[in-house]
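*Asks:* For what it's worth, my numbering labels the leading residue of the sequence shown as 90, then goes sequentially. Virtual Cβ for every residue (Gly too), placed ideally from N, Cα, C. What follows is a structure written as structure tokens; I'll ask about it next.
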Amino acid sequence: MAERLSETSVEESPEPQPFRSRRRYKATYMAFEEMVEMVSILRREDYDANKGPYTRPNMRKDKIMSSVVTALEQKFGIKRAKEQLRKR
Numbered sequence: 090m091a092e093r094l095s096e097t098s099v100e101e102s103p104e105p106q107p108f109r110s111r112r113r114y115k116a117t118y119m120a121f122e123e124m125v126e127m128v129s130i131l132r133r134e135d136y137d138a139n140k141g142p143y144t145r146p147n148m149r150k151d152k153i154m155s156s157v158v159t160a161l162e163q164k165f166g167i168k169r170a171k172e173q174l175r176k177r
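Here you go:
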């Protein structure tokens, strides 16, 4: 009887599965042309909000960084995370 109880309790509480983290991209040096392209996009989109206060600035900056990531991937073929580009 005690064996049955211990077996059912083991079956009911399976070991928790570790959740997977987001995909990480290998950090590589950024070429000068990539840096120039990124800065030109950030200036064109007014990333620093020099032209005035914007509503929801964090969402706006996130959207701009997404466009920077896609533009760099299309032009140079290197995929980088937004967090990597923010540190540059």
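Distance check for glutamate 172 and alanine 120, CA to CA, integer angstroms please.
*Replies:* 17 Å
*Asks:* Using a 10 Å radius around the Cβ and a threshold of 16 neighbouring Cβ atoms, would you call valine 125 buried or exposed?
*Replies:* exposed
*Asks:* At which residues does the alpha helix (DSSP H) containing alanine 170 begin and terminate?
*Replies:* No alpha helix (DSSP H) contains alanine 170, which DSSP labels as neither H nor E.
*Asks:* Would you be able to state if there are at least three C-beta pairs under 8 Å between the stretch 126-133 and the stretch 155-168?
*Replies:* yes
*Asks:* Return the CA-CA distance between arginine 175 and threonine 144, expressed in angstroms with no decimal places.
*Replies:* 21 Å
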